[in-house]
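Heads up: the structure comes next, in structure tokens.
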Amino acid sequence: MDARLRRVNKEIADCKNDKTSQIKIELIDESPFHLKGSFPGPEGTAYEGGTFEVDIVIPESYPFQPVKMKFITKVYHPNVSSASGAICLDILKDAWSPVLTLKSTLISLQSLLCSPEPNDPQDAEVAKHYMTSKSSFEDTARYWTQIYAGGPGPKDKGGKAGGKDGQDEVAIAGLERAHVDRFESLGFQRSKVIDTLRRLNYRGANVSQITDDRVVEELLK
Amino acid sequence: MGSDYDISDDDADYYDDEEMMDGTQDDEEGDDDTESADDMDYGDDFKVSTKAKRKPYEVEYESLSQQAVEKLMQRDVDHICGIFGVEPDTASLLLRHSKWNKEKLIENYMDNANSVLVAAGVTLPEPAETSARTHNITSSSQQQSSASRRPATRGSKLLGLASSSKSGVKSPSPPKALSRTPSRKTDEPFVCTICFNDAPDLQTLALDCEHMFCTDCWTDYVMAKVRDESEHSIRCMAEGCALVAPDQFVRTILLAPAGPDTSEEEQAAKEKTWDRLQELFVRHFVACNTNLKFCPYPSCTNTVSCPSAASKSSLTTVVPIVSCGARGIGAQDSASSMSSSQQFVNGLGLKGKEHKFCFGCPIESDHRPVICSVAKMWMKKCRDDSETANWIKSNTKECSQCQSTIEKNGGCNHMTCKKCKHEFCWVCMGPWSEHGTAWYSCNRYDEKTGVDARDAQSKSRASLERYLHYYNRWANHEQSAKLALDLYAKTEKKMEEMQITSALTWIEVQFMKKAVEEVDKCRMTLKWTYAMAYYLAKGNEKDLFEDNQRDLEKAVEDLSELLESPIEAENIPTLRQQVTNKTVYVQKRNEIVLEDTAVGFLEGRWKWNVSVEGFDAPEEA
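Residue numbers (full-length UniProt numbering), protein chains in the order written: chain A, 1 to 221; chain B, 1 to 621.
Right, here's the structure in full:
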């Protein structure tokens with residue numbers, strides 16, 4: 001399939017020549033069929049300032065089958081798995097068209113960051129967070145961008161007081177420090193409290209709806 | 001009368017209930033009527049004749065070859081062509097999109113033809129990007145809204161846009177095989193946006209949307225879609241374009257005469273892809289039609305039509321075991337290169353296996369006499385490890401403190417849990433300390449709780465034993481059926497032996513083969529009678545059923561024994577006599593079981609001990 005090689009080489013070259021889009025594609029090893037793409041987080045979003053890296057695998061029958069893409073950089077987004085980086089996007093599946101290129105697909109990923117689709121989530125917990133409290137979600141997404149994608153530091157509040165590894169588990173989980181402290185003081189392990197509260201989506205308006213008993217019950221499981 | 005007649009007349013049978021539009025079909029319907037009158041008179045090559053003397057346990061069905069199904073499809077296509085006045089390719093796209101539901105298609109089309117055409121990928125949606133290129137569509141759609149009474153004219157106008165520039169009458173939208181002349185737009189050389197090839201002599205193709213790509217990319221795309229994704233709907237490659245390639249277009253791509261630089265393999269691969277696409281079309285048609293089912297045997301492309309088992313409710317009274325008529329598994333091209341003895345084994349064994357399957361459920365074997373839902377229930381029960389749980393329940397108890405499961409394998413009733421060291425009494429499950437001085441004999445045995453616990457336990461044990469009784473017999477017959485291959489080989493040897501040691505000719509030793517086949521068939525019946533008996537409610541009916549079952553079983557075992565007996569020259573004549581007699585008897589017994597059960601279903605005689613879909617709930621015992 002030299003057509004595939006020709007096309008991929010051309011796509012990589014085109015991307016190099018295009019200085020305006022800020023989208024980069026580079027080789028990971030010798031093979032042109034396993035690549036790394038990166039793009040800046042879209043402006044005006046919680047991802048602004050970060051650089052997001054994407055693992056790209058070109059399948060055998062490319063471009064007639066879609067490329068396989070997943071985030072290398074951890075992203076806090078309803079349509080991206082917070083654990084594996086797997087992406088839920090139609091053009092990577094059945095809406096793929098052979099005219100789409102690596103660059104246009106990466107641009108689509110960039111715009112996916114602008115407009116999450118929480119009704120068709122890849123990561124249900126993140127999607128719930130997004131639906132419950134958008135502002136809290138954005139704080140967390142911003143924090144993730146800062147920690148994992150090299151985004152700018154916190155603007156106002158000294159959010160990362162923990163400072164052990166420069167990372168704050170509570171903020172990564174998108175929770176309120178006061179809540180975690182309260183349940184921790186009941187004698188539960190901090191990591192377990194964070195895990196449980198995250199699973200229960202103990203955020204925003206939900207806090208008043210989840211009784212302490214329910215939380216303790218979950219913690220005792 | 002040719003076979004074309006037969007087909008159309010089959011068709012009339014299928015679509016009786018979804019009859020065509022009134023008034024549009026007068027002459028055709030007239031034809032159909034006369035045809036169905038002499039329906040019985042002429043047979044058909046691809047029909048398995050079951051009409052003649054159908055037994056109560058057999059269903060009426062027909063086996064259709066791929067070509068026969070294609071003719072059925074063609075008939076629907078012609079029908080739509082006639083009504084809408086569109087080209088066959090357009091009709092095909094419309095029918096495929098509407099899942100071959102003609103009625104609904106006609107209704108929707110009459111309602112809003114344009115939206116149906118757009119949804120099926122025949123035409124572009126209205127707001128066209130440039131007026132010059134698409135004025136044909138807009139004008140025709142305008143016409144549609146005004147002239148709604150004359151579907152024929154409208155349809156052909158619509159299609160006119162596709163074939164206007166072509167001379168061919170038959171091909172609705174032959175691909176525009178332009179040798180790089182997208183001259184209209186620009187004078188820049190054409191570059192295929194998929195492979196970035198810009199050779200000046202590049203062959204290009206485009207659908208009506210005029211999204212132009214090179215022929216090689218189209219070919220690769222179609223091949224990937226058909227072979228890798230098993231997709232029959234080939235959409236335009238452009239992003240967001242919903243136009244679907246008509247058959248003629250795909251045909252040109254795959255079956256175009258080989259160019260000078262196409263290798264033979266490539267050409268063969270293309271032809272194979274085209275054949276595969278035709279099969280996908282047939283499969284899609286069959287899947288959309290409840291009267292039809294595709295033969296589940298690997299690489300078989302036959303279809304069976306069985307309208308009497310198409311509805312779910314009919315499956316409570318019939319067991320629609322059908323056969324597509326073909327035999328053997330996999331490609332059947334090796335027959336000629338085999339020796340006669342090999343052919344014999346193949347004739348009997350796996351290779352010669354008839355493609356029998358159940359029309360009503362996914363079980364790929366003859367599960368008569370038991371109906372689909374009960375057979376499925378049984379299979380599930382056998383597969384589930386619910387029986388493991390049953391065993392655990394009968395043989396073990398749980399530690400009252402740490403809930404570990406404990407099997408008591410000997411010793412006294414004073415149990416000490418290995419895990420939590422809890423000491424308790426096996427009989428009453430209470431803590432051992434409460435037993436006071438009455439060590440090693442639980443004086444609380446007769447207390448009510450103890451009695452209840454014991455009852456519950458023995459009940460569970462009884463149900464387990466009952467299940468095992470049926471399961472072991474079922475499994476035994478299944479195992480015997482698996483060993484049938486060995487038996488075939490052994491019998492073959494014996495038959496050869498007989499021909500040598502006695503004066504019997506080849507044709508005269510065929511009684512052995514017949515006996516083996518009969519045993520195999522009866523074991524299959526017997527196997528499923530155990531599944532049936534397991535679920536039958538207690539009563540006279542069940543007793544009668546089990547009597548029949550016992551008689552058949554006895555006869556089968558007798559015959560099996562005869563088949564296994566050693567052959568001695570002097571008693572061959574007696575053996576032959578006995579085997580022939582027994583075979584006939586076994587056959588009769590098998591018929592009785594199958595017939596009686598089938599009649600029972602029709603009469604609603606069978607009652608179950610569990611609730612079965614479509615039957616009354618079992619009476620509480």
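Quick reminder that beta carbons are idealized off the backbone N, C-alpha and C, glycines included.
**Item:** Proximal residues, the region 48-64 of chain A versus chain B, C-beta separation under 7 Å
**Value:** Here the close residues are S61, P63, F64.
**Prompt:** Tell me which same chain residues have a C-beta within less than 6 Å of the C-beta of G204 of chain A, skipping the five on either side of it?
**Reply:** Within the same chain, G204 of chain A has close Cβ partners T132, S133, S136.
**Chain-ordered neighbours of R7 of chain A on chain B, where CB pairs are closer than 8 Å** = The CB of R7 of chain A comes closer than 8 Å to the CB of I194, C195, F196 in chain B, given here in chain order.
**Request:** Kindly indicate if chain B contains any beta-carbon less than 7 Å away from that of V67 of chain A.
**Result:** Not an interface residue.
**Message:** Any beta carbon of chain A sitting closer than 7 Å to that of D220 of chain B?
**Reply:** Under the Cβ criterion of 7 Å, D220 of chain B is counted among the residues facing chain A.
**Prompt:** Alpha carbon to alpha carbon, how far is C402 of chain B from C372 of chain B?
**Reply:** Rounded to the nearest angstrom, the two C-alpha atoms are 44 Å apart.
**Request:** May I ask you to report which of helix, strand or coil DSSP gives G44 of chain A?
**Result:** Here G44 of chain A carries a coil assignment [DSSP, helix/strand/coil].
**Prompt:** With 7 Å set as the bound, which would you pick, yes or no: does the beta-carbon of E239 of chain B sit closer than that to a beta-carbon of chain A?
**Reply:** Judged by the 7 Å Cβ criterion, E239 of chain B is in contact with chain A.
**Asked** M524 of chain B and D366 of chain B: beta carbons closer than 7 Å?
**Response** Against a cut-off of 7 Å, the Cβ pair of D366 of chain B and M524 of chain B comes out as a contact.
**Prompt:** Quick one: Cα of T51 of chain A to Cα of G150 of chain A, how far?
**Reply:** Whole-angstrom Cα-Cα distance: 7 Å.
**Prompt:** In this structure, does DSSP put S394 of chain B in helix, strand or coil?
**Reply:** Residue state, collapsed to three classes: helix.
**Request:** Confirm, please, whether the CB-CB distance from V322 of chain B to T303 of chain B is below 7 Å.
**Result:** Their beta carbons are not under 7 Å apart, which means T303 of chain B does not touch V322 of chain B by this criterion.
**Item:** Buried or exposed by the 16-neighbour rule on C-beta atoms within 10 Å, applied to N119 of chain A
**Value:** Label assigned to N119 of chain A: exposed.
**Message:** Counting only Cβ-Cβ distances shorter than 7 Å, please list the residues of the UniProt domain "UBC core" (3-150) of chain A near chain B, keeping chain order.
**Reply:** Listed by position along the chain: A3, R6, R7, K10, S61, P63, F64, Q65, S97, P98, V99, L100.
**Prompt:** On the premise that R576 of chain B lies in contact with L552 of chain B, defined as a C-beta separation below 8 Å, what is that separation, rounded to the nearest angstrom?
**Reply:** So it is not a contact: roughly 23 Å between Cβ atoms.
**Prompt:** Does the separation of the CB atoms of L594 of chain B and P369 of chain B fall below 7 Å?
**Reply:** Cβ atoms of L594 of chain B and P369 of chain B: closer than 7 Å.
**Message:** According to DSSP, H414 of chain B sits in a beta bridge with which residue or residues?
**Reply:** Answer by DSSP bridge pairing, in chain order: B:C425.
**Request:** Taking C-beta pairs closer than 9 Å, name the residues in chain A that C217 of chain B reaches, listed in chain order.
**Result:** In chain order: A3, P63, F64, P98.
**Request:** Would you list the residues sitting across from G37 of chain A in a DSSP beta bridge?
**Result:** The partner list for G37 of chain A (beta bridge, DSSP) reads A:I25, A:V54.
**Item:** For R235 of chain B, the three-state DSSP class (helix, strand or coil)
**Value:** Note: R235 of chain B maps to strand in three-state DSSP.
**Request:** State buried or exposed for K157 of chain A, treating a residue as buried only when at least 16 other CB atoms are found within 10 Å of its CB.
**Result:** With a pLDDT of 43 at K157 of chain A, under the threshold of 50, the modelled position of that residue is not reliable, and the figure given next carries that caveat. Exposure of K157 of chain A is indicated by the presence of fewer than 16 other C-beta atoms within 10 angstroms of its C-beta.
**Asked** Mapping DSSP to helix, strand and coil, what is S463 of chain B?
**Response** Reduced to three states, the DSSP call for S463 of chain B is helix.
**Asked** How would you call V54 of chain B, buried or exposed, if buried means at least 16 neighbouring beta carbons within 10 angstroms?
**Response** Looking at the sequence provided, one finds Arg at residue 54 of chain B rather than Val. In summary, R54 of chain B is exposed, with fewer than 16 beta-carbon neighbours lying within 10 Å of its beta-carbon over all protein chains present.
**Request:** Using 10 angstroms around the beta-carbon of Q189 of chain A, count the other beta-carbons present and answer buried if the total reaches 16, otherwise exposed.
**Result:** Q189 of chain A should be labelled exposed.
**Prompt:** Helix, strand or coil for R368 of chain B per DSSP?
**Reply:** Coil, per DSSP.
**Asked** From which residue to which residue does the alpha helix (DSSP H) around L95 of chain B run?
**Response** Here the alpha helix (DSSP H) through L95 of chain B covers 88-97.
**Prompt:** Taking three-plus beta-carbon pairs below 8 Å as touching, is the region 26-35 of chain A in contact with the region 55-63 of chain A?
**Reply:** Taking 8 Å as the limit for Cβ pairs, the verdict is that the region 55-63 of chain A does touch the region 26-35 of chain A.
**Prompt:** What do you reckon, are the CB atoms on R198 of chain A and A173 of chain A nearer than 7 Å?
**Reply:** Yes, Cβ-Cβ distance for R198 of chain A and A173 of chain A is below 7 Å.
**Prompt:** For L93 of chain B versus V244 of chain B, is the C-beta distance shorter than 7 Å?
**Reply:** Their beta carbons are under 7 Å apart, which means L93 of chain B touches V244 of chain B by this criterion.
**Integer Cβ distance of A375 of chain B from W528 of chain B, believed to fall under 8 Å** = With a Cβ gap of about 7 Å, A375 of chain B and W528 of chain B count as contacting.
**Prompt:** Using the rule of at least 16 other Cβ atoms within 10 Å of the residue's Cβ for burial, across every protein chain shown, is R142 of chain A buried or exposed?
**Reply:** That one is buried.
**Item:** Sequence-distant residues of the same chain with beta carbon closer than 8 Å to S191 of chain A, five excluded per side
**Value:** The residues are E169.
**Presumed contact (8 Å Cβ cut-off) between V99 of chain A and I253 of chain B, rounded CB distance** = No, V99 of chain A and I253 of chain B are not in contact; Cβ-Cβ is about 17 Å, not under 8 Å.
**Prompt:** Residues in its own chain within less than 6 Å of G600 of chain B by CB, not counting five upstream and five downstream?
**Reply:** Only W606 meet the Cβ criterion.
**Item:** Per-residue contacts from A224 of chain B into chain A (C-beta, under 8 Å)
**Value:** Ordered by position in chain A, the residues that pass the 8 Å Cβ test against A224 of chain B are S61, F64, Q65.
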